[in-house]
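Per this note's numbering, the very first residue in the sequence shown carries number 2; after that it's consecutive.
Ideal Cβ placement from N, Cα and C applies to all residues, glycine included.
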Amino acid sequence: MAVENPMTLNVKWEEPRVIGECAGCLSDIVEGEGYIEFPDGLLVHYDRSCAMTFCLEYGELKHYDL
Ligand SMILES: [Zn+2]
């Protein structure tokens, strides 16, 4: 006979620790997720779409016209 202990269940559902905000998708980066940390402190998920969004958002579009 298994009796569930509500205290134990609460511990299991504890929220993961938030490390910071992704500069790409602007959602939280939580413990256990891969992320890239830049020298100036910016954090981006280790994810192609986040990295792409970050580049397009923070980078400046340059054209080299001949
Ligand atoms: Zn992200």
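Measure the CB-CB distance between residue i and residue j and report whether it falls below 8 Å.
i: residue 44; j: residue 20; result: yes
i: residue 47; j: residue 35; result: yes
Within its chain, find whatever has a CB closer than 7 Å to the CB of residue i; leave out the 5 residues flanking it on each side and keep chain order.
i: residue 32; result: 17, 18, 20
Let's test the definition: count the other Cβ atoms within 10 Å of the Cβ of residue i and tell me whether it reaches 16, buried, or not, exposed.
i: residue 55; result: buried
As a quick exercise: from the options, pick the residue whose alpha carbon is nearest that of residue i.
i: residue 25; options: 64, 53, 66; result: 53
Can you name, in chain order, every residue of its own chain whose Cβ lies under 8 Å from the Cβ of residue i, other than the five neighbours on each side?
i: residue 50; result: 25, 26
Residues in its own chain within less than 6 Å of residue i by CB, not counting five upstream and five downstream?
i: residue 39; result: none
Query raised in the report: What runs of the beta strand (DSSP E), each 3 residues or longer, lie entirely inside the region 12-43?
Result: 19-22, 29-31, 36-38
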